[in-house]
Structures are given as structure tokens and as C-alpha cells.
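In my numbering, the protein residues as written are 14 to 63.
Report on the following structure.
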């Protein structure tokens, strides 16, 4: 699975939005779509069953 950066800043530096899962406490990267959503997911894709 290819993981792409969430966004690229004005200097051209790509970055990821990383959050801890509230269920298993593992860190996971948000997708660009999840970052733009009104409410970010609080659990990782594995715990969400995605």
C-alpha cells in the first residue's frame, strides 16, 4: 500500500498528519480526505475495520 503525504506546504515540503488511535494507541496517518473532513477519525483503519 502506497502512503502519500497529506499535504505539501508553500516551500514544497510534503508532510503527513499523524494521530494516535484511541482504541489500540498505535499511530496512524490521516488521508487528505480525512484531514479535510469536518470530523477526523479517532481510530486507525484496522480498528475501524476499513
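Backbone N, C-alpha and C define an ideal beta-carbon position, used for all residues, glycine too.
This one's a predicted model, so the numbers in the text were calculated from it and none came from an experiment.
Give the secondary structure of residue i by DSSP, where H, G and I count as helix, E and B as strand, and everything else as coil.
i          : result
residue 20 : strand
residue 35 : coil
residue 45 : helix
Below 8 Å on the Cβ atoms is my guess for residue i versus residue j; work out the distance and round it to an integer in Å.
i          : j          : result
residue 40 : residue 31 : 5 Å
Going by beta carbon distance, what residues of the same chain come within less than 8 Å of residue i, once the five residues before and after it are set aside?
i          : result
residue 43 : 19, 29, 30, 31, 32, 53, 54
I'd like the list of long-range same chain contacts for residue i, defined as Cβ closer than 6 Å, with 5 residues on each side in sequence excluded.
i          : result
residue 27 : 18, 21
Near residue i, what residues of its chain come up, given a Cβ to Cβ distance below 7 Å and the 5 sequence neighbours on each side ignored?
i          : result
residue 35 : 55, 56
Please determine, among the options, the residue with the shortest C-alpha to C-alpha distance to residue i.
i          : options    : result
residue 59 : 51, 37, 24 : 37
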